[in-house]
Structures are given as C-alpha cells and as structure tokens.
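Here is the structure we will look at, set down as structure tokens.
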Amino acid sequence: MLRFYNTMTRQKEDFHPIEPGKVNMYTCGPTVYNYPHIGNYRAYMFEDLLRRYLKYRHYQVTQVMNLTDVEDKIIRDSQQTSMTLDAFTQQYKTAFFEDLKTLNIEAAEVYPEATTHIPEMVDMIQTLLERGYAYEAEGSIYYRIDRFPAYGKLAHFDPSELQRGASGRIDIDEYDKDDVHDFALWKVWSPEDGDIYWDTALGRGRPGWHIECSAMSMKYLGSHFDIHTGGEDNIFPHHENEIAQSEAATGERFVNYWLHCRHLLVDNQKMSKSLGNFYTLRDLLERGYKPKGLRYALLATHYRQPMNFTLEGISGAENAVQRLLDFMNTLQTTDGDGTAEVSALLQQTQTRFEESLDDDLNIAGALGAIFEMVREVNRAIADRQLSPDDAEQVSALMHRFDTVLGVLAEDDAVDDRAEALLLERQEARKQRDFARADAIRDELQSLGYTVEDSPQGSRLKRL
Numbered sequence: 001m002l003r004f005y006n007t008m009t010r011q012k013e014d015f016h017p018i019e020p021g022k023v024n025m026y027t028c029g030p031t032v033y034n035y036p037h038i039g040n041y042r043a044y045m046f047e048d049l050l051r052r053y054l055k056y057r058h059y060q061v062t063q064v065m066n067l068t069d070v071e072d073k074i075i076r077d078s079q080q081t082s083m084t085l086d087a088f089t090q091q092y093k094t095a096f097f098e099d100l101k102t103l104n105i106e107a108a109e110v111y112p113e114a115t116t117h118i119p120e121m122v123d124m125i126q127t128l129l130e131r132g133y134a135y136e137a138e139g140s141i142y143y144r145i146d147r148f149p150a151y152g153k154l155a156h157f158d159p160s161e162l163q164r165g166a167s168g169r170i171d172i173d174e175y176d177k178d179d180v181h182d183f184a185l186w187k188v189w190s191p192e193d194g195d196i197y198w199d200t201a202l203g204r205g206r207p208g209w210h211i212e213c214s215a216m217s218m219k220y221l222g223s224h225f226d227i228h229t230g231g232e233d234n235i236f237p238h239h240e241n242e243i244a245q246s247e248a249a250t251g252e253r254f255v256n257y258w259l260h261c262r263h264l265l266v267d268n269q270k271m272s273k274s275l276g277n278f279y280t281l282r283d284l285l286e287r288g289y290k291p292k293g294l295r296y297a298l299l300a301t302h303y304r305q306p307m308n309f310t311l312e313g314i315s316g317a318e319n320a321v322q323r324l325l326d327f328m329n330t331l332q333t334t335d336g337d338g339t340a341e342v343s344a345l346l347q348q349t350q351t352r353f354e355e356s357l358d359d360d361l362n363i364a365g366a367l368g369a370i371f372e373m374v375r376e377v378n379r380a381i382a383d384r385q386l387s388p389d390d391a392e393q394v395s396a397l398m399h400r401f402d403t404v405l406g407v408l409a410e411d412d413a414v415d416d417r418a419e420a421l422l423l424e425r426q427e428a429r430k431q432r433d434f435a436r437a438d439a440i441r442d443e444l445q446s447l448g449y450t451v452e453d454s455p456q457g458s459r460l461k462r463l
C-alpha cells in the first residue's frame, strides 16, 4: 500500500485516489524571471520520482505544472530591460524545458501559462466577490481571510493570534506568517506596471500570484483532485491561499494530499550569490558535471530531508551511476554456468525496492536494495555462476527499476544546436582552426555531449 506524508495532517496516510487507477496531480512550476537554480530542480526531481513511481504502480497520471509568467518579480525585472513581457519570459521558459530534458525529467501532461488564463482567474474572483469572500479597495480586490474559518490549516497556525497591520491588507505576493493579511486577488494597474495589464470586468490590472494556481489547477484537474506538490517554501502563503480561494469558490475540499519537498543547502549553507555557492544547472554543466550524475545527486536524498548539495557529492553520484552502467555492460558479456539462485534474489530485490518507495518514496531504501543486488550478482559473475539467461533477467529488472530512477537509459537524440556545433567544428578542423575546434568541443561538453573522432568522421555521444 502506497503511503505519503500529508502536510495537511502531518502524518503518513494510505494513498487512495479519488478515481481508482487514476491520479491527478498539480505541481507548482517555475516563476520565469531567471534561470532556475539547483534547489528548484531538487523539487522538480522529487515530483518526477513521484510521477514515475505512480506510473510504475500502474496508475494513469495526469500532471499539470504551471508556468508563472506574470507576478511581482517578473514585472520588476522585465521593466529593467527593453523587452516585452512575452519576450522576457520566453527566454526562461525555453531554458526551463531544455533543463528538464537534460535532467531526464518526464514532461507533464499540461504546462498552463498564467498569462493565457486570465479569463479563468477573473471568473473565479467574481465568484469570490459574489459569495462574500472578496472585496474591492482602491481598485484592487482582496480575499477576506476572516470569512474562511479554516485559514491556516495547512501551515498549522491560528491567524487570530498573529499581528495584523493597520490596513489589514497586503499587496506583495510573498510574505511571512507575521504578515498575515487579506491578500490581493487582483491588483489595480499602477504606473510601475508599465504596459503589463489586462482590461477586464474587474478593471485594468493583473492577477495576484495565488489566484493563478487555483484557477489553472481547477481548469485542468477539476475542483477536487488527488495530489498537490511544491517546495516547503510554498506552504505559506501560496498553498494556504490556494486552499482558501479554491474551497471558498467551490464549497468543497480542494486537494486530498499535500506533499512538500525540503530545502536544498549548498555546503550546509543557504544558496547565495554573495557566498559564491549559487548554482544553476548550466553552471554545473559548464564545470563538466554530467546530467546523469546531477540527476542521481538530486534524487538520492529523501524529499522530506534537507539536502546538502556539494560538488564532492556530485562526483560521488557520478561514480554511483557509473557503477550501475558498468554493471549493465558486464551483464551483456557474462557466460557462466547458471548455478546462482537468481530468481529468489531478484524477487527479494524487487520486494525491497517497492516496499521502500511505497513508504513515502523512501529512495535510500530502494537504492540500497539495488546496490546490494549488484554486489551479489557481481560475485556470481566472478564465480562464473551467472548464465546469459540469468543475466537477461537481471537486466530486465534493472530496466524496470530505471523507469523510476531514469539514470541508465541512453539518450541518442541530439538537439539541433549540438548538431550545428558539430558541423561548425568539422569545418574548423578542415580549415585547420584547431583553437576554434577545441572551443566548440568544450561548448558541446557544456551541453552534455562528447565528440568521438574517427577516420570515418566525428559523432556526438551523450555524457
């Protein structure tokens, strides 16, 4: 039986989807004002593990991950450029999807963008106004938290015990529990917004951040769905406000299971550009680290434990992946006699793997089971006790496990930019411009490729 730790109840609960055999889940995606840092990808990797294991357990998964492409930080940063809002955010959307592909994170079924769902947000705000959960003040519209008695149930606090400001309203999207006020659903246009606004029945303005996810999740998953995920920093105010908005608008429970990933630290410190420990995926690839090693590093710590991310840890993760890849290669050449008790070992390993992940995605237990099996099989190979048929069984089970882990499969697809760079390098070598050819080789490495030269020509291979 699958069990997940539910932030709402603060305990592990048996997982029972609303519709047997199907899981609807919503994931808070990136705010596209910059390149995501490695901590963001820790959360996305946890969500990828969750998605993949649900599918391994034969659930039909519908995942929706939003793209926040209008909110306070985006407006602030885009106004410092000469770019339109769409052009400014598109560069980061493109980079985000490139990163997902690099890390072998499976695509969600839907990636709704906030700017294309303004009508749904306006409709929801109008419903909240009609039901008395929202009010207008100075052109903006706010959610009245004292009309929702359950406010604070996810973050586990009593809002009546917290200090309130003189106005009782707050306009910024992100704030602490000490600043609990009526929050903005719709923000009236101001000169600081420039040309970023929508003319709607609510007036000229833009949505608040929290209403975006409520409107988009319910459009694609319905008013009541199974799982909502995010980082622990989303619990308050974002997810708390989502609950208040959504349940006030529909009169029913919004989400059954709330799963949150703990923070990532770098060398036991919070990431900070001033400390020199702030990494994007591109930063790490440029340093020569491999995508599979990065994926394994982000995957291998339980999602409810803070993760201490170190460069040494990435190297250790790369070594672990290489051990598995070497093991898979060894299986292809074994020719022992077949006296090992392989079937019992494989059954025991599969049981441990599944029991571990059934228990709130206990990835350490699952990986431990795999590496113990690897040791036992390698011992059998060394003693010539593993037959080719045995090796095929082991390989098949490893490939099944990898539908969850995603670190073994070769990705033969080469992106267009890499292909273009390879052709440019070949031309540079023809012109005997070896400095340029070496520079292109380094650039290809940063994209996750190595170049193999032979008398027949050059080809790209994934790192």
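Position 69 of the sequence shown, counting from 1, maps to 69 under full-length UniProt numbering, and the rest follow consecutively. Note that beta-carbon positions come from the ideal geometry of N, C-alpha and C, so glycine has one too. These figures come from a predicted structure and were not determined experimentally.
What three-state label does DSSP hand residue i in the structure shown?
i	result
Q269	strand
residue 502	The chain is shown from 1 up to 463; residue 502 falls before or after that span and cannot be answered.
Y449	strand
L444	helix
V407	coil
F278	coil
G231	strand
Q348	helix
R253	coil
Y5	strand
R432	coil
E318	helix
S82	coil
E113	strand
F157	coil
L50	helix
S223	coil
T330	helix
R147	helix
H238	helix
E174	coil
G152	coil
A300	coil
A244	helix
G313	helix
How far does the beta strand (DSSP E) with residue i in it reach, from first residue to last?
i	result
M25	22–27
A201	Unbroken run through A201: none, as it is neither H nor E.
M307	307–309
Beta-carbon of residue i versus every beta-carbon of chain B: anything under 8 Å?
i	result
K153	Within the model displayed, chain B is absent; a lone protein chain is all it includes.
According to DSSP, residue i sits in a beta bridge with which residue or residues?
i	result
S217	For S217, which the question treats as bridged, DSSP gives no partner whatsoever.
H181	DSSP output for H181 lists no bridge partner at all.
Y142	Y135, A184
T68	T31
W258	H228
H37	T280
T62	N24
P17	DSSP, once it has assigned bridges, lists no residue as partnering P17.
residue 471	Residue 471 is absent from the structure shown; the chain starts at 1 and stops at 463.
R169	D182
T207	Per the sequence shown, the amino acid found at residue 207 is Pro instead of Thr. Looking at the DSSP assignment, P207 forms a beta bridge with W186.
Within the continuous alpha helix (DSSP H) that includes residue i, where are the two ends?
i	result
D14	Counting along the chain, D14 falls outside any alpha helix (DSSP H), though it belongs to the beta strand (DSSP E) covering 11–14.
S92	Correcting the residue identity first, residue 92 is Tyr in this sequence and not Ser. Y92 -> alpha helix (DSSP H) spans 85–102.
I118	118–130
K290	K290 -> no alpha helix (DSSP H), and no H or E assigned at all.
Can you round the beta-carbon distance between residue i and residue j to whole angstroms, since I take them to be within the 8 Å contact cut?
i	j	result
D359	R3	6 Å
L67	G39	Not confirmed; about 18 Å, so no contact.
G152	E240	7 Å
F309	L357	In fact, because the Cβ distance is near 22 Å, the residues do not count as touching under 8 Å.
D226	P17	5 Å
V180	A108	V180 to A108, Cβ: 32 Å. No contact.
A248	L154	Not quite, the Cβ-Cβ distance comes to about 14 Å (not below 8 Å), so this is no contact.
V407	L324	7 Å
D337	Q393	Not really, about 15 Å apart at Cβ, beyond 8 Å.
E47	T31	Contact doesn't hold; Cβ gap of about 16 Å is too wide.
D390	V342	4 Å
Y59	K22	7 Å
A244	Y143	6 Å
Ranges of the alpha helix (DSSP H) found wholly within the UniProt domain "Cysteinyl-tRNA synthetase class Ia DALR" (352–422), counting only runs of at least 4
363–382, 388–405
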